[in-house]
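Note sheet for the following structure.
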Amino acid sequence: MTSAAIPAPPRPARGPAALAAKLFGSPLNVVLTLAVAWAAWSLAAPLVRWAVLDAAVLPAEPAACRDISGACWSFVVAKSGQILFGIYPIEERWRPTLVCAVLLGLLAYSLRPAAWRPHLAALWAAALPGVLLLMFGGFAGLSYVATTMWGGLPVTLILTVTAIGGAFPLAILLALGRRADLPVIRTLCVLFIEVTRAMPLLSLLFIASIMLPLLLPEPLLPDKFFRAMIALLLFAAAYLAEVIRGGLQALPPGQAEAARALGLGYWRTQRFVVLPQALALVIPSLTNTIIVMIKNTSLVLVVGLFDLISSGRAALADPEWSSPAMETYIFIASVYFALCFGFGRFARALERRAEATP
Amino acid sequence: MTRETPSSAADLAVEVRDLHKWYGEFHALRGVELAVAAGERIVVCGPSGSGKSTLIRCINQLERHHAGVVRVDGLEATAEPRRLEAIRRAAGMVFQSFNLFPHLTVLENCTLAPVRTGVATRAEAEAHAMALLGRVRVADQAHKRPGQLSGGQQQRVAIARALCMRPKIMLFDEPTSALDPEMVKEVLDTMIELAGEGMTMLAVTHEMGFARQVADRVVFMDQGQIVESAPPGDFFAHPRHERTRAFLGQLLH
């Protein structure tokens, strides 16, 4: 036994000198560093030349893109209204603009933990019918706009928020139902999850848009937009339910037992003890599934709804322009990126919050 | 076999009649009879697999029994959810593995059930919880998470949490078995204090010192049956049954 204190091993060195030692410390490292730097440069340089140096941004007219070899951002600037709002009547574009502002604003507001109080649910409950009414119009002097004229970002946002917002509570019920004591409930939940999960989303959307009209009489048939919304919702619910079930199974049974032993009933046990812990356990996979579902909303284009991608394609059809498809898709991709990356950061913050409670 | 004859059924905190429980083909409880009078303190012991945990988990109905009668504080256990909740409110339980809620603070652990079942307002529940946390000497930890506490502290919080529902009887399911040896005493001391205050207690434990000190009766179970039930003096000095003697022999080695 030694009585002298043994010093802790030194921390790894940091700073430019340490970095240089890592990158150029041995002949092999010098070769590797130079090779990687060369590869990065030969990929990045043409990209920067195309996207920035040789690109046209203004004026937002076809002439701006005639004699350039780079990107034609002028097209995106000129057509941004059409890409973002589709064929919604131009003089009424303030309505989808307002809808997007409300939804994005409310989403941003909802990200703050301080906002997670009952009034938030009330805000959403008021906002969703509100934005739908504003999109439809047909009251107070607003002209009626059918869902066939809706397009672009508001469609993507409304579908995302309602499909995922509705899928989440349904998924919780399905996951709980799959573990219920009553065999009837268990069987129904398993059946729904397995059948929905086994179908490609595309076929589910086709069933909703083509087969339902054959099965249901006209007055009972929801609008094509809402049929697609329900298909997305059910699909997302089946996937989320299985993720949530993973969390429920990971939780030690002693937690629910302790809650029941204190006299809490089934629902209170789930709400205050089981779900807060089970959901926190599966935040990474929930995030993953939700991001996939955000992007899945773009598949509604196959049933003739104009989401961001379809309205982008429609904008490209203008013969005045030389069809700068790459620029358009980069723009659309950046909108999706902002949505999904934003959600990913939110989920990471949520995870850290959950980790902070050992 | 000694059994006190209670003056009337209404005085019984717990009444178990001809209780049977199966796990698949395994007959875990085979006709258990047990009556616990209000204020009585009973220690249940027996080899592992003898059904002692199953018995107390049947009393607060964490496990459903298959035949027989369970009554807690005069309420007969049925499948009816309201009845089960009432029984569980009357019978507080402390688990071997503490089972504190790790996502809540110590204080929130204690106030969750009283507030959410509506038996107290938040202010009342917090005042009561702080008083109980003080009694089990962890009041200074009230705003920490359970994960920041030692095992002994956690188990004392679990006792306070159960007491927050003002139970008529406390059930202990091997409360010291998961503890490091140096923490066993602080939990036992808390239980001894609780017994001193007149709480009705039914404890599954192998702490024979505790049984000697506080139990009115020691119950020995083996193979799903109560083999012997006697005051601790008799139980340890003159065990009647061969299986009891064998068990005590192993325990005292």
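So the protein sequences, as listed, match chains R and P. With my numbering as the guide, the letters of the first sequence map in order to residues 124 to 481. With my numbering as the guide, the letters of the second sequence map in order to residues 204 to 456. Glycine is no exception: its CB is placed at the ideal position from the N, C-alpha and C atoms.
Short check: CB of residue i to CB of residue j, under 8 Å?
i, j, result
"Glu-215 (chain P)", "Val-273 (chain P)", "Here the sequence assigns Leu to residue 215 (chain P), which means Glu is not the residue at that position. Not a contact, by the Cβ cut-off of 8 Å."
"Val-297 (chain P)", "Ala-361 (chain P)", "yes"
"Ser-253 (chain P)", "Asp-425 (chain P)", "yes"
"Met-303 (chain P)", "Pro-349 (chain P)", "Note that residue 303 (chain P) is Leu in the sequence shown, not Met. For Leu-303 (chain P) and Pro-349 (chain P), yes; Cβs fall inside 8 Å."
"Ala-354 (chain R)", "Leu-328 (chain R)", "yes"
"Leu-428 (chain R)", "Phe-348 (chain R)", "yes"
"Ala-293 (chain P)", "Lys-371 (chain P)", "yes"
"His-306 (chain P)", "Gln-205 (chain R)", "no"
"Glu-397 (chain P)", "Ala-363 (chain P)", "What sits at residue 397 (chain P) in the sequence shown is Leu, not Glu. Contact flag unset, no."
"Ala-351 (chain R)", "Val-423 (chain R)", "yes"
"Gly-370 (chain R)", "Leu-402 (chain R)", "yes"
"Cys-248 (chain P)", "Thr-379 (chain P)", "no"
"Phe-450 (chain P)", "Pro-250 (chain P)", "yes"
"Phe-208 (chain R)", "Gly-274 (chain R)", "yes"
"Met-386 (chain P)", "Gly-412 (chain P)", "no"
"Leu-181 (chain R)", "Val-200 (chain R)", "yes"
"Thr-420 (chain R)", "Leu-234 (chain R)", "no"
"Leu-299 (chain R)", "Gln-393 (chain R)", "yes"
"Leu-229 (chain R)", "Leu-246 (chain R)", "yes"
"Gln-264 (chain P)", "Leu-232 (chain P)", "no"
"Ala-280 (chain P)", "Thr-308 (chain P)", "no"
"Leu-462 (chain R)", "Ile-417 (chain R)", "yes"
"Val-430 (chain P)", "His-441 (chain P)", "no"
Among the candidates the options, whose CA atom is the shortest distance from the CA of residue i?
i, options, result
"Gly-388 (chain R)", "P:Ala-282, P:Gly-436, P:Glu-327, P:Gln-357", "P:Ala-282"
"Ala-186 (chain R)", "R:Thr-220, R:Phe-198, R:Met-449, R:Val-175", "R:Phe-198"
"Arg-302 (chain R)", "R:Gln-372, R:Leu-335, R:Leu-324", "R:Gln-372"
"Ala-270 (chain P)", "P:Ala-342, P:His-230, P:Leu-405", "P:His-230"
"Thr-403 (chain P)", "P:Ala-241, P:Leu-232, P:Glu-236", "P:Ala-241"
"Cys-367 (chain P)", "P:Thr-408, P:Thr-379, P:Arg-325, P:Asp-383", "P:Arg-325"
"Gly-277 (chain P)", "P:Thr-257, P:Val-217, P:Thr-320, P:Arg-369", "P:Val-217"
"Ile-367 (chain R)", "R:Ile-414, R:Leu-296, R:Glu-317", "R:Leu-296"
"Arg-369 (chain P)", "P:His-331, P:Ala-342, P:Ile-395", "P:His-331"
"Ile-395 (chain P)", "P:Arg-415, P:Glu-445, P:Leu-382, P:Gly-234", "P:Arg-415"
"Ser-433 (chain R)", "R:Gly-465, R:Ile-455, R:Pro-342, R:Thr-156", "R:Ile-455"
"Tyr-226 (chain P)", "P:Glu-400, P:Gly-427, P:Phe-438, P:Gly-452", "P:Gly-427"
"Arg-320 (chain R)", "R:Asp-190, R:Arg-134, R:Ser-149, R:Thr-412", "R:Thr-412"
"Glu-380 (chain R)", "P:Arg-443, P:Ala-342, P:Ala-365, P:Thr-308", "P:Ala-365"
"Trp-173 (chain R)", "R:Ala-160, R:Cys-188, R:Trp-161, R:Gly-264", "R:Cys-188"
"Leu-374 (chain P)", "P:Glu-236, P:Thr-314, P:Pro-284, P:Gln-299", "P:Gln-299"
"Gly-465 (chain R)", "R:Ile-213, R:Leu-243, R:Ile-414, R:Val-426", "R:Ile-414"
"Ala-440 (chain R)", "R:Gly-264, R:Arg-218, R:Ile-210", "R:Ile-210"
"Val-426 (chain R)", "R:Pro-132, R:Leu-324, R:Pro-340, R:Ala-477", "R:Leu-324"
"Gln-357 (chain P)", "P:Glu-400, P:Gln-264, P:Cys-313", "P:Cys-313"
"Gly-436 (chain P)", "P:Val-417, P:Arg-446, P:Gly-452, P:Ile-429", "P:Val-417"
"Pro-292 (chain R)", "R:Leu-398, R:Ser-192, R:Ala-131", "R:Leu-398"
"Ala-382 (chain R)", "P:Glu-228, P:Val-275, P:Arg-319", "P:Arg-319"
"Glu-478 (chain R)", "R:Ala-158, R:Pro-407, R:Ala-136", "R:Pro-407"
Compute the beta-carbon to beta-carbon distance between residue i and residue j, rounded to the nearest angstrom, for a pair I have assumed lies under 8 Å.
i, j, result
"Ala-194 (chain R)", "Ala-168 (chain R)", "About 15 Å; that fails the 8 Å criterion."
"Asp-419 (chain P)", "Ile-245 (chain P)", "7 Å"
"Leu-405 (chain P)", "Val-239 (chain P)", "6 Å"
"Tyr-452 (chain R)", "Gly-435 (chain R)", "7 Å"
"Gln-378 (chain R)", "Val-405 (chain R)", "15 Å between Cβ atoms; not a contact."
"Glu-410 (chain P)", "Leu-382 (chain P)", "Not confirmed; about 11 Å, so no contact."
Which residues in chain C sit within 8 Å of residue i, going by Cβ to Cβ distance?
i, result
"Met-368 (chain P)", "Of the protein chains in this structure, namely R and P, none is chain C."
**Asked** So does the stretch 354-366 of chain R actually touch the stretch 272-287 of chain R, counting three or more Cβ pairs closer than 8 Å?
**Response** yes
**Request:** Please list the residues of the stretch 246-268 of chain P that have a C-beta atom closer than 8 Å to any C-beta atom in chain R, keeping them in chain order.
**Result:** Asn-263, Leu-265
**Prompt:** Taking a cut of 8 Å between CB atoms, which residues from the stretch 379-397 of chain R lie near chain P?
**Reply:** Glu-380, Ala-381, Ala-382, Arg-383, Ala-384, Leu-385, Gly-386, Leu-387, Gly-388, Tyr-389, Arg-391, Phe-395, Val-396
**Asked** Is there contact between the stretch 468-479 of chain R and the stretch 299-315 of chain R, where contact requires at least three CB pairs shorter than 8 Å?
**Response** no
**Message:** Which residues of the stretch 275-297 of chain P have a Cβ closer than 7 Å to any Cβ of chain R? Give them in chain order.
**Reply:** Pro-284, Glu-288, Arg-291, Arg-292, Met-296
**Prompt:** Counting Cβ pairs, one atom from each stretch, are 3 or more of them under 8 Å apart for the stretch 215-234 of chain R and the stretch 242-260 of chain R?
**Reply:** yes
**Request:** Say whether the stretch 268-281 of chain R touches the stretch 331-350 of chain R, bearing in mind that this needs 3 or more beta-carbon pairs closer than 8 Å, one atom from each stretch.
**Result:** yes
**Message:** So if I threshold CB-CB distances at 7 Å, which residues from the stretch 357-380 of chain R count as touching chain P?
**Reply:** Answer set for the stretch 357-380 of chain R: Gly-377, Gln-378, Glu-380.
**Item:** Interface positions of the stretch 400-424 of chain R facing chain P (Cβ-Cβ less than 8 Å), listed along the chain
**Value:** Gln-400, Ala-403
**Item:** Residues, ordered as in the chain, of the stretch 379-402 of chain P that lie near chain R by beta-carbon distance below 9 Å
**Value:** none
**Request:** Could you run through the stretch 303-318 of chain P and flag, in chain order, every residue whose CB is less than 8 Å away from some CB of chain R?
**Result:** Residues of the stretch 303-318 of chain P with a Cβ closer than 8 Å to any Cβ of chain R, in chain order: Leu-303, Phe-304, Pro-305, His-306, Leu-315, Ala-316.
**Asked** Just by C-beta distance, which residues in the stretch 402-428 of chain P are closer than 9 Å to chain R?
**Response** none
**Asked** What are the residues of the stretch 341-357 of chain P that lie near chain R, defined by any Cβ-Cβ distance shorter than 7 Å?
**Response** Result list: Arg-348, Gly-350, Gln-351.
**Prompt:** Which residues, taken in chain order from the stretch 318-334 of chain P, show a beta carbon closer than 7 Å to some beta carbon of chain R?
**Reply:** Arg-319, Thr-320
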